[in-house]
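All remarks here apply to the structure that follows.
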Amino acid sequence: MQAQNLQLDGAIDAIRLRFGSHALTRAAELPPAQPWPSHTPIDAMTGIGGLPRGRLSLLTGSGTCGKLSLALALLAHATHEFAHATVIDGGGFDPWNLLPFSPELSALTVVRAPAPEIAGEAAAALARAGAGFILLMSELPEHWLGPLESGANRSGTVVVGVVDAPGRALAHASSFSLALSRTEWVWERGQLIGIRVMARCLKNRVAPPLGETALEIRYPLGARPLSDHLVHVIEARVDVQEVAPCASAVV
Amino acid sequence: MRVCCGLTRHLELARRPDLYGTPVIVGRWDEHVVAASEETLRFGVETGMALRQAEHLCPQATFVLPDEEATARIRELVSAALYDLAPTVEVRDEGIAWLDISGVATAGQSIRAARHRLLKAIGREPRLGLAPGPFSARLAAARARPGRLMRVADAREFLAPLPSRELPLDAEQLERLDLLGLRTLGAVATIGPRELESQLGRDGRHAALLARGLEPDQLVPWQPPLFTCAHRQFADPVEDREALLFVARALCGDLAEELGLRGAGAKHVRVRLLFESSDEEARESVVRHALSSTAELFGLIGSWIKEWQPHAPITELWIELPVLEAAGRRQLRLWAGGDGTSEEVIAAMERIQERFGDAVVHKPKPAFVSSPIPSERFA
């Protein structure tokens, strides 16, 4: 183990020598991202007590796995906390689906982007201007990810993306990536009320990566006061696998 | 009405900060003294006396020719620097700056900021006075120590013991007041405006009202200029779009700095590209939300340049802001933290609408939420 560490240190020194000291930074040495507490179990998984401000977070998973319900809960919460919560919609977002989460609609703006280019430009412009929360409902062109990242980083915007499977560019641009996979449906008195999912942290650039946990996501059955909407996402069984202090590096 | 007066050096003297601490007299030969530094006062030099007489009294002084244009530039600079501290600001060449701070929530902060900005602009600590009107505020400031504030609650009570020569009257009128035995403002105040008008004409009525602390004069509010522009001429004609964007960003930065200094925002933006063949292409737009920061300006202009297809190499780039708005809202932005970000987000949304159509940005408002038809649920 000690020999491996020595080899790793040697490799890091070689990269720094060749490409400069800023080419490679230990994750533990990065400036800590400021958290935005979403009051969902995701906060515990990011390792900093909330979604990272100024970074891109991804909720991924194929099929029905609760990623959109989770994103809508985050969006509804954001409409109460920020002056501007924005959805960059590539098609398919209906504000009606948000109503059961009791959003503050005056703070919500939907950007309907028929083309990915428009979505990219709108997301980058709003992040640069300082919108509090941006929910991306589709992939963005690769060349807009850089402006989005830098704009959000400067203004502290919380950017959350919801995609089935992120492309290489989007996955690379994200700082926190959570993969959701459905384990079972939750039935009560013959009625479908939610799903149980396994949430696994695929990538974490803001803290040492934590393992996985099981979540129970209950489908909202009607409009409820704000104090209730948080119960839609419940951590059913915490099974966080502690990982040794990060020896990996971010290039 | 609460007026704060900052009293500093005559702006003609502020042109030559290198002569601070030495006797300086500003004026043209065969004319009157326009301004004289404090160091000349003990020799008996006064503003308005003949320059020859001043030279006799203080021959060791440095004599400087007045420069009205340079003074006007300093006055604009000082006015712009104070503009975001109070709704009404007036600056005079005599080195008097008035701020009407009635209704300002953080009047104390405004006065402190005014002191710092006057110090930075003129290079000398201003004397400050706070009174119900411009006349009493100026007299209070004249009696304050440099960098200190004298507050006046009751103007009439404060003015009563002051000499009547403080009134804005000519030498002959002041002599008449002296002959009438009216040697203090309190004595002048006992005379009715009509009586003094019969002795001194209209100026007499005005003087009586001033002496009573009734403050008949109103401030003349400074307004920011309505046009500004920035341009860059290229030594070699430019074809590279990246280079053009780089220059445009720098020009936007310069304009944003100027707008910030004036406390203004741009409602109308025009970009002109001049070509080698001396013809030009222009693009302009009227924006609903005034632009003032580099990000806001470059957000619009950068998007134009990115899609511009100039037909020849460019020799000159002009960015013009023909309509600036008096930035009442921008002043508020300084007082209430966080408003600026909200404004910038709204501006960004308007730019997106301008580029891709109004329907792109949508703020959902519930209409018939229970309708089975999705399109009817939100307006």
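These protein sequence lines map, in sequence, to chains A and B.
Residues -5 to 245 (the numbering used here) are what the first sequence spells out, left to right.
Residues 7 to 385 (the numbering used here) are what the second sequence spells out, left to right.
Using N, Cα and C, we set each Cβ at its ideal position, and we do this for glycine too.
Predicted model only: the values in this text are computed from it and were never measured.
In the DSSP assignment, B/W104 forms a beta bridge with B/C11, B/E96. Close CB contacts of B/L202 within its chain, under the 8 Å cut and outside five residues either way in sequence, are with V194, G210, R211, A213, A214 (chain order). Taken in chain order, the members of the stretch 295 to 308 of chain B whose beta-carbon sits within less than 7 Å of a beta-carbon on chain A are A301, G305. Counting only Cβ-Cβ distances below 8 Å, A/G48 has no contacts in chain B at all, with the closest Cβ about 14 Å away. Across the set A/W30, A/P108, A/M(-5), the C-alpha of A/P108 shows the shortest separation from the C-alpha of B/G363. Our two residues, A/P141 and A/A116, have alpha carbons roughly 11 Å apart in a direct line.
Put simply, of A/P26, A/G43, A/R194 the residue whose alpha carbon is nearest the alpha carbon of A/L209 is A/R194. Interface flag for A/W30 against chain B is unset, since no Cβ pair is found closer than 8 Å. Counting the other CB atoms within 10 Å of its CB gives A/T207 a total of 16 or more, which places it among the buried residues.
Cα atoms of A/D37 and A/P31: separation of roughly 6 Å, rounded to the nearest angstrom. Each of B/A236, B/A301, B/V292, B/E302 was checked against the Cα of B/L279, and the nearest Cα belongs to B/A236. For B/S348 and A/H74, the gap between their C-alpha atoms comes out near 15 Å.
Within chain A, the residues placing a beta-carbon under 7 Å from that of B/M355 are T103, ordered along the chain.
Counting along the chain, the unbroken alpha helix (DSSP H) around B/F141 starts and ends at 140 to 148. Taking the beta carbon of A/P89 as reference, the chain B residues within 7 Å of it are P370, F384, listed in sequence order. For the pair B/L330 and B/F240, the CB atoms are not nearer than the 8 Å cut-off. With a threshold of 8 Å between beta carbons, A/R194 makes no contact with chain B.
When secondary structure is reduced to three states using DSSP, A/P29 falls in the strand class. Under the Cβ distance rule, A/A5 does not count among the residues neighbouring chain B, no pair being separated by less than 8 Å. An exposed status is given to A/M(-5), since fewer than 16 other beta-carbon atoms sit within 10 Å of its beta-carbon. According to DSSP, A/F170 shares a beta bridge with A/S51, A/N198. Contact between the stretch 20 to 40 of chain B and the stretch 67 to 75 of chain B is present: three or more C-beta pairs spanning the two stretches fall below 8 Å.
Here A/R49 is near A/A27, since their CB atoms are less than 8 Å apart. The Cβ atoms of B/I352 and B/H295 sit closer than 8 Å to each other. With a 10 Å radius around the Cβ and a threshold of 16 neighbouring Cβ atoms, B/D90 comes out buried.
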